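All residue numbers for the sequence shown refer to the working numbering, where the first residue is 737 and numbers rise by one. Scroll down for the structure; my scribbles are underneath it.
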Amino acid sequence: MPKPYTRRLSTTEVKEGFILIQKDKLKLFPEPGQAFNLRFKDKDYYTRILPVRCTCQGPDKPHCHWRLDASGFIHLLTDKRPSIKITKAEDTLYELELY
737 MPKPYTRRLS
747 TTEVKEGFIL
757 IQKDKLKLFP
767 EPGQAFNLRF
777 KDKDYYTRIL
787 PVRCTCQGPD
797 KPHCHWRLDA
807 SGFIHLLTDK
817 RPSIKITKAE
827 DTLYELELY
């Protein structure tokens with residue numbers, strides 16, 4: 737079983753309703769754009785990981801950041817910068833925990 741994805745969210749992620757997925761951790765999730773369920777507090781949320789084009793390294797180095805859409809459940813995260821753990825439970829089911 738793959739390792740869980742863990743990180744402390746930024747205030748921007750919580751405010752804007754996404755979870756940044758680091759490029760080297762994309763392999764822990766379904767292919768970008770492919771829908772899957774994320775279970776949090778005994779409820780399943782339909783989500784996907786989507787690319788966001790960026791030029792934060794300058795206009796000559798365009799690239800993508802990867803975001804998990806958390807808009808359906810981000811309001812349940814009461815901490816300003818929560819630490820999260822996402823674990824694969826089944827093929828299209830992942831579980832989100834706070835720690």
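Ideal Cβ placement from N, Cα and C applies to all residues, glycine included. Keep in mind the model is a prediction, meaning the values are calculated, not measured.
Let me confirm a value: residue i is counted as buried when at least 16 other C-beta atoms fall within 10 Å, else exposed. Which label applies?
{"i": "residue 745", "result": "buried"}
{"i": "residue 806", "result": "buried"}
{"i": "residue 803", "result": "buried"}
Have a look at residue i and residue j and give me their C-alpha separation to the nearest angstrom.
{"i": "residue 827", "j": "residue 790", "result": "30 Å"}
{"i": "residue 742", "j": "residue 766", "result": "16 Å"}
{"i": "residue 778", "j": "residue 800", "result": "32 Å"}
{"i": "residue 749", "j": "residue 758", "result": "13 Å"}
{"i": "residue 784", "j": "residue 762", "result": "12 Å"}
{"i": "residue 756", "j": "residue 815", "result": "17 Å"}
{"i": "residue 798", "j": "residue 776", "result": "34 Å"}
{"i": "residue 817", "j": "residue 751", "result": "10 Å"}
Would you kindly report the start and end of the unbroken alpha helix (DSSP H) that includes residue i?
{"i": "residue 751", "result": "747–752"}
Would the beta-carbon of residue i fall within 7 Å of that of residue j?
{"i": "residue 809", "j": "residue 781", "result": "yes"}
{"i": "residue 821", "j": "residue 830", "result": "no"}
{"i": "residue 813", "j": "residue 774", "result": "no"}
{"i": "residue 824", "j": "residue 768", "result": "no"}
Hey, quick one: how far does the beta strand (DSSP E) through residue i stretch, first residue to last?
{"i": "residue 820", "result": "819–826"}
{"i": "residue 869", "result": "A question about residue 869 goes unanswered here, because the residues of the chain that appear run from 737 up to 835."}
{"i": "residue 790", "result": "785–790"}
{"i": "residue 742", "result": "741–744"}
{"i": "residue 804", "result": "799–805"}
Taking only runs of the beta strand (DSSP E) that begin and end inside the stretch 761–787, which ones reach a length of at least 3 residues, in chain order? Taking only runs of at least 3 residues, the beta strand (DSSP E) segments lying wholly in the stretch 761–787 are 772–776 and 779–783.
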